[in-house]
Amino acid sequence: MPLREVVRIHTTTETIDSPTVIGYTRNDLKNWGMLVARFLTAGGVTHDDVMQISFHYGLFTGAFGLHAGAERIGASVIPASSEHTTSRSELCRITAQRYWFPRHPLRLF
Numbered sequence: 014m015p016l017r018e019v020v021r022i023h024t025t026t027e028t029i030d031s032p033t034v035i036g037y038t039r040n041d042l043k044n045w046g047m048l049v050a051r052f053l054t055a056g057g058v059t060h061d062d063v064m065q066i067s068f069h070y071g072l073f074t075g076a077f078g079l080h081a082g083a084e085r086i087g088a089s090v091i092p093a094s095s096e097h098t099t100s101r102s103e104l105c106r107i108t109a110q111r112y113w114f115p116r117h118p119l120r121l122f
């Protein structure tokens, strides 16, 4: 694919050798958001929900996919990253959120 079609670049994480570079087109990102929205909807997430995403927002792609999918279905997103662990539980209480995505999906109630 020509580099001019690439709108986002990520790499694999925690690899033994050199990381694999991944280029995403606009269409890739659109499809990715739609697929994540589908699995979030299947898990019960709706536009009335608040989701805290505590994955690291770096070159790892997981946080960005969850973020795009949640916004696609209209859920509110807290991009909490993976820092400040003590304040994340306080965010749960303040926002009355039902879903928190630390390193694995977690339904709070």
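In the numbering used here, the protein residues as written are 14 to 122.
From the three backbone atoms N, C-alpha and C, an ideal C-beta is built for every residue, glycine too.
Given the structure is predicted, the values throughout are model-derived calculations rather than measurements.
So the candidates are P92, V19, I91, G71; which of them puts its Cα closest to the Cα of D41? The residue you call residue 41 lines up with position 28 of the sequence shown. The residue with the shortest Cα to Cα distance from D41 is V19.
In or out: F77 buried (at least 16 other Cβ within 10 Å) or exposed? If you number the sequence shown from 1, residue 77 lands on position 64. With 16 or more other Cβ atoms inside 10 Å of its own Cβ, F77 counts as buried.
Assumed close pair A81, V49 - CB separation to whole angstroms, cut-off 8 Å: Here residue 81 corresponds to residue number 68 of the sequence shown, with the count starting at 1. Here residue 49 corresponds to residue number 36 of the sequence shown, with the count starting at 1. Sure, about 6 Å apart at Cβ, within 8 Å.
Look at S89 and V63 and say whether their C-beta atoms are less than 7 Å apart. The residue labelled residue 89 in the question sits at position 76 within the sequence shown. The residue labelled residue 63 in the question sits at position 50 within the sequence shown. Yes, the Cβ-Cβ distance between S89 and V63 is below 7 Å.
If distances are taken between C-alpha atoms only, which option among R51, H69, F68 comes closest to E84? Position 71 of the sequence shown, counting from 1, holds the residue named residue 84. Nearest option by C-alpha distance: R51.
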